[in-house]
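Below is one structure, written out as structure tokens, with a few remarks after it.
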Amino acid sequence: MMLLLKVIISVSQFCAVTPPFIQKKSHPFHRKCHILFTFTLITAILIAAFIEKNFFVREGIIKMIVLYLNNLILYAFSYRAIIALNFWKKDQWYKLLENLSTGRQIKQKRFGYENAGFFLANLFYLAIAMYTMINWHDPQKLPHVINVIEQYLQFLYKCLCCVLLHMLSQRYAKLAQLVGFHLKRRKQRKVIPISLIKHIEYEMCLLKQTVNIFNEIFGWPIALIILFSTIQLFNYIEFSVYFYEYVNFVEKIMAAIWILSFGIAPTIVLVLICDYVCQKARRMLPLTFKLRWCFKNCGTRENLELYELTSLVVGNAPRFTAANFFDVGKPLLLDIFGLAFTYVVVLIQFHGS
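Take the position in the sequence shown, starting the count at 1, then add 129; the result is the number in our numbering.
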């Protein structure tokens with residue numbers, strides 16, 4: 130996974146989304162110019178387009194508000210991704226990479242399946258994006274092109290977050306595996322080493338710190354990603370109810386691929402991986418209780434350390450939040466799907482009347 134992470138960071142750095150993988154004392158001048166030019170270009174094109182001509186004028190008032198909200202969310206995401214991370218969250222970024230790089234890494238091939246999958250996903254995204262810009266929108270309307278570019282930045286961010294979260298889950302799984310290994314050897318060893326308990330405590334605190342840094346860096350971007358994907362889902366539902374029968378088969382397939390495959394599906398995967406990391410971490414609690422039961426005949430100091438370990442595991446359980454607005458996990462998906470179902474019912478009733 131470390132190799133895939135380096136590939137994604139290299140692409141993201143080219144798009145002015147993330148700092149480089151290797152820490153430097155400060156951004157080189159050309160790097161700062163690249164970051165500021167990218168964000169300024171997006172800002173200038175959107176402002177010029179909105180001042181010169183309202184390109185949503187043919188839509189209804191509700192639809193126009195939703196489309197403006199979509200663009201506002203994408204612009205806010207671009208600001209958080211391009212400006213905030215590169216200039217104000219850089220120290221946390223390198224601390225996050227340092228924490229995830231700690232420990233023995235699994236050797237990987239130079240070009241594995243994960244890298245090939247990421248490369249093909251980028252090619253597929255480029256092909257679908259070109260099709261939508263040529264066939265769905267007037268090529269002269271640059272805001273639509275900027276919209277596609279901003280959605281690609283979101284796609285990169287989702288890939289980056291998923292890889293980082295997967296690495297976190299691996300660290301929790303390795304820690305649980307270590308505890309399980311010593312539980313199996315309890316008959317051979319009557320006393321649990323204090324050094325092992327201290328190592329588990331250190332790893333749990335380090336991983337909790339890593340989760341907190343992840344929330345601090347990616348909390349707002351994840352909140353904006355989830356909000357944008359929810360609006361995309363509602364737009365696709367409205368399209369399916371009102372306009373699906375008037376669109377040819379190819380356009381239906383392209384709309385499904387563009388909205389579902391590159392917009393909604395990666396967001397669902399991101400939320401599920403956050404929940405998966407929490408599940409991996411929760412496995413540590415019953416294992417630490419088993420340690421206490423299996424080594425209950427140890428000395429007073431060992432028993433005290435085991436009780437402190439259990440309390441520490443409970444107090445350092447990971448929790449992923451979207452800028453502290455809501456928790457990111459399976460219950461969030463159920464809430465969104467519940468809203469979507471209600472929206473479908475309302476649209477069908479209006480469509481029937």
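Think of the CB as a built atom: it goes at the ideal place given N, C-alpha and C, for glycine as much as any other residue. Keep in mind that this is a model prediction, so the values were computed, not measured.
Skipping 5 residues on each side, what residues in its chain have a beta carbon closer than 7 Å to that of residue i?
i	result
Asn-445	Met-333, Cys-334, Lys-337
Leu-468	none
Glu-434	Ile-323, Ile-326
Phe-284	Tyr-254, Phe-391, Pro-395
Pro-268	Because Pro-268 sits at a pLDDT of 48, beneath the cut-off of 50, its placement in the model cannot be relied upon, and the following sentence gives the value as read from the coordinates. Counting only Cβ-Cβ distances below 7 Å, and skipping sequence neighbours, we find Met-262.
Phe-455	Leu-461
Ala-385	none
Tyr-260	Met-383
According to DSSP, residue i sits in a beta bridge with which residue or residues?
i	result
Asp-220	Paired residue(s): none; Asp-220 is not in a bridge.
Pro-456	Note that residue 456 is Asp in the sequence shown here, rather than Pro. Beta-bridge pairing links Asp-456 to Thr-450.
When you compare the CB positions of residue i and residue j, do they come within less than 8 Å of one another, or not?
i	j	result
Ala-349	Arg-448	In the sequence under discussion, the amino acid at residue 349 is Trp, which differs from the Ala named in the question. No; because the gap between Cβ atoms is not below 8 Å, this pair is not in contact.
Cys-290	Ile-351	yes
Leu-476	Glu-367	yes
Asn-244	Thr-339	no
Leu-148	Leu-214	What sits at residue 148 in the sequence shown is Pro, not Leu. Going by C-beta atoms, Pro-148 is nearer than 8 Å to Leu-214.
Ile-465	Thr-359	yes
Leu-252	Cys-423	no
Ile-388	Gln-361	yes
Taking residue i as the reference, which of the options has the closest Cα?
i	options	result
Phe-343	Val-473, Tyr-286, Val-475, Gly-467	Tyr-286
Lys-409	Ala-302, Leu-214, Ile-321	Ala-302
Val-379	Thr-147, Ile-257, Leu-203, Asn-244	Ile-257
Asn-453	Thr-396, Phe-347, Phe-470, Pro-395	Phe-347
Pro-415	Tyr-405, Val-474, Asn-199, Val-442	Val-442
Ala-177	Val-406, Cys-288, Ile-275	Ile-275
Asn-364	Ser-139, Thr-231, Tyr-472	Tyr-472
Thr-439	Ile-278, Val-308, Lys-192	Val-308
Met-413	Gln-306, Thr-231, Tyr-281, Leu-225	Gln-306
Arg-300	Leu-198, Tyr-260, Lys-419, Ser-230	Ser-230
Thr-450	Val-277, Phe-168, Asn-377, Asp-404	Asp-404
Glu-437	Asn-377, Ala-384, Arg-411, Glu-330	Glu-330
Tyr-223	Glu-345, Val-457, Ala-385	Glu-345
Gln-142	Val-277, Leu-282, Phe-455	Leu-282
Near residue i, what residues of its chain come up, given a Cβ to Cβ distance below 6 Å and the 5 sequence neighbours on each side ignored?
i	result
Leu-304	Glu-332
His-163	Ala-145
Lys-135	Phe-150
Val-457	Val-400, Cys-403, Phe-449, Ala-451
Under 7 Å from any heavy atom of the ligand HEM, does the C-beta of residue i make it?
i	result
Lys-192	What this structure holds is no ligand at all, so the ligand HEM is not there to describe.
Near residue i, which residues of its chain fall below 8 Å by C-beta distance, leaving aside the five closest residues on each side in sequence?
i	result
Glu-279	Ile-171, Leu-203, Tyr-204, Phe-206, Ser-207
Leu-175	Asn-200, Tyr-204, Pro-272, Ile-275
Ile-137	Phe-247, Leu-285, Cys-288, Leu-289, Val-292
Leu-225	Leu-293, Thr-339, Ile-342, Phe-343, Ile-346
- If you pair each beta-carbon of the stretch 294-301 with each one of the stretch 354-372, do three or more pairs fall below 8 Å? Here the stretch 294-301 makes no contact with the stretch 354-372; the two share fewer than three CB pairs at distances below 8 Å.
- Query: With contact counted as at least three CB pairs below 8 Å, one residue from each stretch, are the stretch 242-249 and the stretch 193-212 in contact?
  - Reply: Short answer: they don't touch.
- Message: Check whether the stretch 210-224 and the stretch 360-374 touch, using three or more Cβ-Cβ pairs below 8 Å as the test.
- Response: The stretch 210-224, when compared against the stretch 360-374, does not touch it at the 8 Å Cβ threshold.
- Message: Under 8 Å, with one C-beta from each stretch per pair, do the stretch 457-472 and the stretch 399-415 reach the 3-pair mark?
- Response: As far as the Cβ criterion goes, the stretch 457-472 touches the stretch 399-415, which means the pair count is three or higher.
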